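Colleague: Heads up: the protein sequence lines correspond to chains X and A, in order.
According to my numbering, the first sequence is numbered sequentially starting from 485.
According to my numbering, the second sequence is numbered sequentially starting from 485.
There are 2 protein chains.
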Amino acid sequence: MIDAHERVTGRINYALNIELPGMLYGKILRSPFPHARVVHIDSSAAERLTGVATVLTRGDFTQASGYSAKYGRIFRDQSVVALDKVRFVGDPVAAVAAANDDIAEEALSLIKVDYEEFPAVFDEAEALKGDAPLVHDPRPEQQAIFNNLIQALPGGSNLCSHFKLRRGDVEAGFHQADFVYEDLFRSPAVQHVPLEPHVTVAQFFHGKLTLWTSTQMPHAVRSQMAELLHLPLARVRVIVETLGGGFGSKGSLRLEPLAAFLALKANRPVKIVLTREEEFVTVCKHPATIRIKTGVMKDGTLVARQVTAHFNTGAYSDVGPVVARNGGSAMSGPYKIPHVRIDSFAVWTNLVPAGALRGFGVPQAVWAYESQMDMIAERLRLDPIELRRKNLLRDDDLFATGETLTDLHFDELLDRAADSVQWTAGDARWNQSAHATDKNSATRRGKGLALVIKATITPSISAAALKLNEDGSLNVLTSSVECGQGAKTVLAQIAADAMQVPLERVSVSDPDTDLTPYDQQTSSSRTTFSMGGAVTKAAEDLKRQLLSHATELLEASVDDLVLANGRVTVRGTSDRFLSYGAIAMRSNQANLMGHGSFSTRGGLDLETGQGIGSVHWHQGAIGCEVEVDIETGKIKVLRLSPSVFAGRVVNPRLCELQLEGCAIFGVGQALLEEMIYDDRGQLLNTNLSDYNIPSFDDIPEQMSLSALEHGAEELHGIGETLLPPVMAAIGNAVYNAVGVRIRDLPLTAEKILRQLHKL
Amino acid sequence: MIDAHERVTGRINYALNIELPGMLYGKILRSPFPHARVVHIDSSAAERLTGVATVLTRGDFTQASGYSAKYGRIFRDQSVVALDKVRFVGDPVAAVAAANDDIAEEALSLIKVDYEEFPAVFDEAEALKGDAPLVHDPRPEQQAIFNNLIQALPGGSNLCSHFKLRRGDVEAGFHQADFVYEDLFRSPAVQHVPLEPHVTVAQFFHGKLTLWTSTQMPHAVRSQMAELLHLPLARVRVIVETLGGGFGSKGSLRLEPLAAFLALKANRPVKIVLTREEEFVTVCKHPATIRIKTGVMKDGTLVARQVTAHFNTGAYSDVGPVVARNGGSAMSGPYKIPHVRIDSFAVWTNLVPAGALRGFGVPQAVWAYESQMDMIAERLRLDPIELRRKNLLRDDDLFATGETLTDLHFDELLDRAADSVQWTAGDARWNQSAHATDKNSATRRGKGLALVIKATITPSISAAALKLNEDGSLNVLTSSVECGQGAKTVLAQIAADAMQVPLERVSVSDPDTDLTPYDQQTSSSRTTFSMGGAVTKAAEDLKRQLLSHATELLEASVDDLVLANGRVTVRGTSDRFLSYGAIAMRSNQANLMGHGSFSTRGGLDLETGQGIGSVHWHQGAIGCEVEVDIETGKIKVLRLSPSVFAGRVVNPRLCELQLEGCAIFGVGQALLEEMIYDDRGQLLNTNLSDYNIPSFDDIPEQMSLSALEHGAEELHGIGETLLPPVMAAIGNAVYNAVGVRIRDLPLTAEKILRQLHKL
């Protein structure tokens, strides 16, 4: 990885490092109530404090100001600071820009806010009851660009969005089935915990805003900030230095509006850095309740599935409707099910806003459907592998969305998962095999596995440019964000490979919306696939230009020219050649620029969920073995084996690291992670002592990572695929070990013990 | 001007403002001797000082290091730090990077250097004598790229370069002439005095160098640094924030090698900022001695001119050979002279290196030839305007280089200069008009004028790109450097105009060699002309793309489409249109990129100076009136009227400001500025108390600025044209006032009094 050394030694450039002359430091005053009217704000004492440059409150967003505070990716339901009311504990009410953090903190304490408390609602099911307090009233305006993705709904409800998938006749299917099983699964809110917190620096300069910000979506930040500030896109510049992890948390407007309006008001640059505590109240993974009802024949053939999923999107929807849609469309799993009916809802509550987190709704879905698959297998006394194999999607099968799938490799992935834990027919617990490592020991071992099918965002667009320098070296211009995932390394490899130049002669840019081409976002495992495709096309364009100039300069026909080793050579000669650099210099432009864009098309019908859900489908499997201490309830993951179908692997080591990262993330979500609220919506564990992520001790001793390529030419992303199935695989292994079926994540020792004692 | 407010209020981003984590501060140890062998350097005490990260000396450039310290635009005659010897007082011997400036300064004092002094040579004529000490021995290697511009010379001499121009038969011309006058003129070394000193920040990062540096030549810095560091161009990134003035001083490698090698050695970022004192020993305008011999008929017709010019390029040649060439090729002035012989030399001495300064050799040339024109007029008892008019170059005349000139406007420029001071036939002093404003007063008034013809660098290449955003706003990608001259404003205007979008929807980049297209340099009054041309071509490319997409989207033929107001409309309709942004979005690329490059061709024969010297010729005239106090010798410039042929003026206010800036610079060089050395090569006036630049009091009360356009379509640069003639115009006016002819600049009160007392 190109920047491994700088990253590991902490020398890499983060937005946190930006220091500008006269820069102010911003701090945010947050609501202590989950739901309250803001009666009055008095910031005068704060404004008088020495060192305070400005205080931003709703008073800056009066009609007279000309600025609306409202923003949001899908619904304009969020505001820069609270206008009429606050909607969760942590909701920004005001912000201060001051000479340093301490003064800014002190100023926050001087702002007097009178609140009138309202009843609040936290549970996603409660929130949909008729008498539930309304989080948003009137219903927030939906961004027109999402009208063909998210169905318009009436107001007067906390229902934010409703994704529908209708395939076959689910009632007929249940009627036809020998058995119908209905189970309920829950996933809690969890944190992304990037080591780098959210950071934004904003500067206004001759009527132009420059943002250095830790975002995965520079162009989306640019367009939303341009809208908020009534500026043309050319007057909003978003520069992204490398991120210290994103995992979806840095995928929407976060600190940018606050920093920009503070900078505008103070007429000085402003930096805001979130504390870890604030990270917890900024964005999280959706808590979800998924009711899954599956009809099955005696032999295990799946015939119908109905799913009702509620994604708790918290106080502000962010990308919640798309998460609910993406999770919803995946609920049939990698299985042939003729009759499917899915209703997936995003629901507003008075909790921390939920957004994208590695997997985008699919982790919640897989937790439900792969847990249930093992439960069905037991009920039918089938080996869970055989039950899966019987129903696996194979080439040319139709998916629940009605699209025909190809290039499927679930059989092999399932084999790999099974082999990785030496699964044998006797391993199913319901086959009465015992699992104690030693009959006198308190530990029991069990094996489990799970599969996943996951979309990549479709439609999608990426553009790239290749600048060929006078010496034939290449600058890749891209707006893909390096989050530590290795984007720059992989794009450099793709460019070097396509142009036939050594890797060390290629340099990949960071995003700068003034200068680098458009990219939709760095998320959804799409960079290698989509931006890689754009780089490949840019290389084709550049090669065309090189050949066109070379035909003239070398007086040869295009067919007689060969591009290799940074040169264009006349075929069959060794002395009739020009280096790329020489061609560029003689082209009268000094640089040659190649451009490429890569776009995909697709979409699902709003009423039926039928259409093209994904231009290709990510496929993965996890096998695992756990050890459960029946005296303490503690679970230890002994072995974890993620396998993925990766298309063509560009960088095997980075691919492995992504699989490993997914697996470790999954272990955290399986065993440890949960944001715990009290009954007044106050988050209780907003630090990394009370909220645990996996330590080195939690990482399985044995991890075997495997990526199938099958001679594929197409690049797939592999940044998320293997997280979603980890929790179900571990849950299934725990059941296999001790017969305890946990339906609500995480699989804590307390839950294990409680159920063991019930036994 | 787009950034006027930020510039005036001091909020603009300079490289000086860059702060990076872990950044070190560099200071330079300089030679106290003009010419000496470096016997021994002991930096151990400095290295041990707490807070010192590293000391860079010649020990870092041993053969084993793999790095050569040698660099230079034309000759590799400069070195990062002194290797064998030092060549002027101020020559860098070592550099320190430390935690702060004070520690770095202290460390410098701890470095022990033993020198063995050599005889030194300072005068450009002395330096060419056979027994003169050799500044460089052996002769430094010439960069191959200059081989067709600068003639190769043998070693063993301080002669750096020799430009020859041969036209007609100059001896025959002198023979034919009624009179032959030979005069000698001198110009001293002067400073650029940009308010912003030289600043460089260097950072190494995954084997890639990033420089934030105050340079006018980002691409030349990139290529030279890549060569020094053995890196591909893609691994050297040069970012230029705005400059606080350049005037040619920031046109070659300055601090970049020192900062980069310190950063490489310390493995931390390093910033170096020059003090004003150090600015004085970094680069200056060439001292020049010009002997000019002109043959003329009784009626004033010029028939022959021979010039021998010596440009003192100091210890290192920088761009001296090109300055000598450019000044040399201009020595015939805007006059028809059938027989011309010019020899223009750049000479190495033990003085501060001389390089480019606003006008590039032409100020020295004009000082000589326009002073002599007035002297000839008096000798012939002709009105100096009539003498000039008799000989002016007019359309289709041949220049001394043999090229046919067109679009000449010297007659009108001469009229403007004369009219601006209400010149009448009686104004010539030799016509015995008296000039005392009041016979009892000690002040005498006089009028003077001077003309100039000046090349723009040819051949030349600039490239630009226009990024059309999703909302139809434009980002202009250019590597032109904003020095305060208004480059960004003018390029924005050109782009807005070409694309038919409002100016506020256009944003112009700063240079970033990773991302912005190639540009040769920001100098030679070429940005509006050359980069403006590239932007215009990029707009043409972009419009072609817009039309091509629009024909499909609007189902109309290209001929029926009209581009206006940010839209493509079907001719004759008001509702069949698409905004540029909509076309970009529907083009499947989200952005459209237009590219353009603008290049010119030309060149002069090495033996004869015949060929194409300039793709067009800058033309200007100055009229002025001065008042001289015959008791104090003090000169006051009462009126100064620069007129230029500007081609099409893009921004009249900026054009005026450039003329005004030239005039004020010229007043400084005429009256005040001179770097004064003692007889051991020690510069005596290295601060702005002892070295005076014009204050508001020195600026003429009446300045009338005029730019001729004549319906021209072509853009000319006007950044330098009017500086070169100011000194001669003032010198001529002083003579006109008090009959004192000063041949060596500046026109100090002491020189006036000394000659007046001789009278």
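Positions of the beta carbon are idealized from the N, C-alpha and C atoms, including for glycine.
All figures in this text were calculated on a predicted structure; none of them were measured in a lab.
Take Ile502 (chain X) and list the residues in its own chain whose beta-carbon comes closer than 6 Å to its own, dropping the five residues that flank it on each side.
Modeller: Counted from its first residue, the first sequence places residue 502 (chain X) at position 18. Closer than 6 Å at the Cβ level, and outside the excluded window around Ile502 (chain X), lie Val685, Trp696.
Colleague: Kindly confirm or deny that the segment 1224–1239 of chain A and the segment 1043–1056 of chain A touch, where touching means at least three C-beta pairs closer than 8 Å.
Modeller: No: the two stretches stay apart, fewer than three of their Cβ pairs being nearer than 8 Å.
Colleague: By DSSP, does Gly1215 (chain X) sit in helix, in strand, or in coil?
Modeller: One-based indexing of the first sequence puts residue 1215 (chain X) at position 731. Helix at Gly1215 (chain X).
Colleague: Just to check my reading of the structure: Cys967 (chain X) and Leu727 (chain X) have Cβ atoms closer than 8 Å, yes? What is that Cβ distance to the nearest angstrom?
Modeller: Residue numbering aside, residue 967 (chain X) sits at position 483 when the first sequence is read from its first letter. Residue numbering aside, residue 727 (chain X) sits at position 243 when the first sequence is read from its first letter. Under the criterion of beta carbons closer than 8 Å, Cys967 (chain X) and Leu727 (chain X) qualify as touching, at roughly 4 Å.
Colleague: Leaving aside the five residues before and after Leu1124 (chain X) along the sequence, list all residues of the same chain whose C-beta is less than 6 Å from its C-beta, in chain order.
Modeller: Position 640 of the first sequence, counted from the first residue, corresponds to residue 1124 (chain X). Hits under 6 Å: Cys1108, Ala1147, Pro1184, Met1187.
Colleague: Within 10 Å of its beta-carbon, does Lys596 (chain A) have 16 or more other beta-carbons around it, so buried, or fewer, so exposed?
Modeller: Along the second sequence, one-based indexing puts residue 596 (chain A) at 112. By the neighbour-count rule (16 or more Cβ atoms within 10 Å), Lys596 (chain A) is not buried but exposed.
Colleague: Quick check on the burial criterion: 16 or more other C-beta atoms within 10 angstroms. Buried or exposed for Lys1226 (chain X)?
Modeller: The residue labelled residue 1226 (chain X) in the question sits at position 742 within the first sequence. Correcting the residue identity first, residue 1226 (chain X) is Ile in this sequence and not Lys. Burial call: buried.
Colleague: Beta carbon of Leu961 (chain X), beta carbon of Leu999 (chain A): below 8 Å?
Modeller: In the first sequence, the residue the question calls residue 961 (chain X) occupies position 477. In the second sequence, the residue the question calls residue 999 (chain A) occupies position 515. Closer than 8 Å, so yes.
Colleague: Please tell me whether Ile941 (chain A) and Gly817 (chain A) are closer than 8 Å, where the distance is taken between their beta carbons.
Modeller: On the second sequence, position 457 is the one that residue 941 (chain A) refers to. On the second sequence, position 333 is the one that residue 817 (chain A) refers to. Contact: no.
Colleague: For Pro837 (chain A) and Ala799 (chain A), which I take to be in contact (beta-carbon distance under 8 Å), what is that distance rounded to the nearest angstrom?
Modeller: Walking along the second sequence from the start, residue 837 (chain A) turns up at place 353. Walking along the second sequence from the start, residue 799 (chain A) turns up at place 315. Yes, they are in contact, since the Cβ atoms of Pro837 (chain A) and Ala799 (chain A) sit about 6 Å apart, within 8 Å.
Colleague: Output, in chain order, the set of chain B residues within a Cβ distance shorter than 8 Å of Val990 (chain A).
Modeller: The structure shown contains no chain B; its protein chains are X and A.
Colleague: Among X:His646, X:Gln626, X:Pro622, whose alpha-carbon lies nearest the alpha-carbon of Gly639 (chain X)?
Modeller: Position 155 of the first sequence, counted from the first residue, corresponds to residue 639 (chain X). Comparing Cα positions, the closest option is X:Pro622.
Colleague: Cutting at 8 Å between CB atoms, please list the residues of its own chain near Glu988 (chain X), excluding the five before and the five after it.
Modeller: Counted from its first residue, the first sequence places residue 988 (chain X) at position 504. Once the five neighbours on either side are set aside, Glu988 (chain X) has no close Cβ partner at all.
Colleague: Express the C-alpha separation of Gly614 (chain A) and Lys931 (chain A) in angstroms, rounding to a whole number.
Modeller: Taking the second sequence and counting its residues from 1, one reaches residue 931 (chain A) at position 447. Taking the second sequence and counting its residues from 1, one reaches residue 614 (chain A) at position 130. Going from the Cα of Lys931 (chain A) to the Cα of Gly614 (chain A) covers about 44 Å.
Colleague: Across which residues does DSSP place Asp1113 (chain A) in a beta bridge pair?
Modeller: Stepping through the second sequence from its first residue, residue 1113 (chain A) is reached at position 629. Answer by DSSP bridge pairing, in chain order: A:Thr927.
Colleague: Count the C-beta pairs between the segment 569–578 of chain X and the segment 521–533 of chain X that are closer than 8 Å, then say yes if the count reaches three, no if not.
Modeller: yes
Colleague: Looking at chain X, which residues of the segment 626–649 of chain A have a Cβ within less than 9 Å of any of its Cβ atoms?
Modeller: Here the close residues number zero.
Colleague: Say whether chain X places a C-beta atom closer than 8 Å to the C-beta of Thr778 (chain A).
Modeller: Here residue 778 (chain A) refers to the residue found at position 294 of the second sequence. Thr778 (chain A) does not count as touching chain X.
Colleague: What does the alpha-carbon distance come out to for the pair Ile1236 (chain X) and Lys1120 (chain X)?
Modeller: What you label residue 1236 (chain X) is simply residue 752 of the first sequence in a count that begins at 1. What you label residue 1120 (chain X) is simply residue 636 of the first sequence in a count that begins at 1. Ile1236 (chain X) and Lys1120 (chain X): Cα-Cα distance of roughly 13 Å.
Colleague: Would you say Gln1073 (chain X) lies against chain A (beta-carbon separation less than 8 Å)?
Modeller: Taking the first sequence and counting its residues from 1, the one referred to as residue 1073 (chain X) is at position 589. Closer than 8 Å: yes.
Colleague: Thinking C-alpha only, which one of A:His1100, A:Gly1080, A:Leu1030, A:Phe1061 is nearest Gln1073 (chain A)?
Modeller: The sequence position of residue 1073 (chain A) within the second sequence is 589, counting from 1. Gln1073 (chain A) has its Cα closest to that of A:Leu1030, out of A:His1100, A:Gly1080, A:Leu1030, A:Phe1061.
Colleague: Sort A:Ile821, A:Asp827, A:Ala1196 by Cα distance to Ala661 (chain A) and report the nearest one.
Modeller: Reading the second sequence from its first residue, position 177 is the one you call residue 661 (chain A). When only C-alpha atoms are compared, the closest one is A:Ile821.
Colleague: Nearest-angstrom Cα distance between Ile1177 (chain A) and Leu693 (chain X)?
Modeller: Position 693 of the second sequence, counted from the start, is the residue given in the question as residue 1177 (chain A). Position 209 of the first sequence, counted from the start, is the residue given in the question as residue 693 (chain X). Linking Ile1177 (chain A) to Leu693 (chain X) through their CA atoms gives a straight-line distance of about 37 Å.
Colleague: Considering only DSSP beta bridges, list what Pro1126 (chain X) is partnered with.
Modeller: For this step, residue 1126 (chain X) is matched to residue 642 along the first sequence. Looking at the DSSP assignment, Pro1126 (chain X) forms a beta bridge with X:Ile1106.
Colleague: Go ahead and pull the three-state DSSP assignment for Leu871 (chain A).
Modeller: Numbered from its first residue, the second sequence carries residue 871 (chain A) at position 387. Residue state, collapsed to three classes: helix.
Colleague: Let me make sure I understand the geometry here. Which of A:Arg1028, A:Asp1089, A:Ala948 has the alpha-carbon closest to that of Ile1067 (chain A)?
Modeller: As a position in the second sequence, residue 1067 (chain A) is number 583, starting the count at 1. It is A:Arg1028 whose Cα lies nearest to the Cα of Ile1067 (chain A).
Colleague: Output the residue ranges of the alpha helix (DSSP H) runs that lie fully inside the segment 584–616 of chain A and measure 4 residues or longer, sorted by chain position.
Modeller: 585–594
Colleague: Rounding to the nearest angstrom, what Cα-Cα distance links Ser1081 (chain A) and Pro943 (chain A) in this structure?
Modeller: For the purposes of this step, residue 1081 (chain A) is identified with residue 597 of the second sequence, where counting begins at 1. For the purposes of this step, residue 943 (chain A) is identified with residue 459 of the second sequence, where counting begins at 1. Straight-line Cα distance between these residues: approximately 13 Å.
Colleague: Which residues of the segment 496–520 of chain X have a Cβ closer than 8 Å to any Cβ of chain A? Give them in chain order.
Modeller: Listed by position along the chain: Ile496, Asn497, Asn501, Glu503, Leu504, Pro505, Gly506.
Colleague: Just reading off the alpha helix (DSSP H) that Thr940 (chain X) is part of, what are its end residues?
Modeller: The residue labelled residue 940 (chain X) in the question sits at position 456 within the first sequence. From DSSP, Thr940 (chain X) is part of no alpha helix (DSSP H); its letter is neither H nor E.
Colleague: So Asp575 (chain A) packs on Arg514 (chain A), CB below 8 Å; how close in whole Å?
Modeller: On the second sequence, residue 575 (chain A) is found 91 positions in, with the first residue counted as 1. On the second sequence, residue 514 (chain A) is found 30 positions in, with the first residue counted as 1. Confirmed, about 6 Å.
Colleague: Can you pull the chain A residues whose beta carbon is under 7 Å from the beta carbon of His714 (chain X), in chain order?
Modeller: On the first sequence, residue 714 (chain X) is found 230 positions in, with the first residue counted as 1. Near His714 (chain X) there are no residues of chain A at all, since even the closest Cβ is about 11 Å away, more than 7 Å.
Colleague: Quick one: give me the first and last residue of the alpha helix (DSSP H) that Gly1145 (chain A) is part of.
Modeller: For the purposes of this step, residue 1145 (chain A) is taken as the residue at position 661 of the second sequence. Its alpha helix (DSSP H) spans residues 1136–1155.
Colleague: Kindly list, in the order they appear in chain X, the residues whose Cβ is closer than 8 Å to that of Leu999 (chain A).
Modeller: To locate residue 999 (chain A), count along the second sequence from 1; it is residue 515. Going along chain X in sequence order, the residues near Leu999 (chain A) (Cβ under 8 Å) are Lys951, Asn959, Leu961, Ser993, Asp996, Leu999, Thr1000.
Colleague: Output needed for Asn834 (chain A): all residues of its chain with C-beta closer than 7 Å, excluding positions within five of it in sequence on either side, in chain order.
Modeller: Position 350 of the second sequence holds residue 834 (chain A). Same-chain partners within the cutoff: Pro518, His519, Arg571, Phe572, Ala604, Val605, Phe606, Val619, Ala799, Gly1165.
Colleague: Which residue wins for smallest C-alpha separation from Phe545 (chain X), given the options X:Ala616, X:Leu500, X:Arg928, X:Leu713?
Modeller: Stepping through the first sequence from its first residue, residue 545 (chain X) is reached at position 61. For Phe545 (chain X), the nearest C-alpha among the options comes from X:Leu713.
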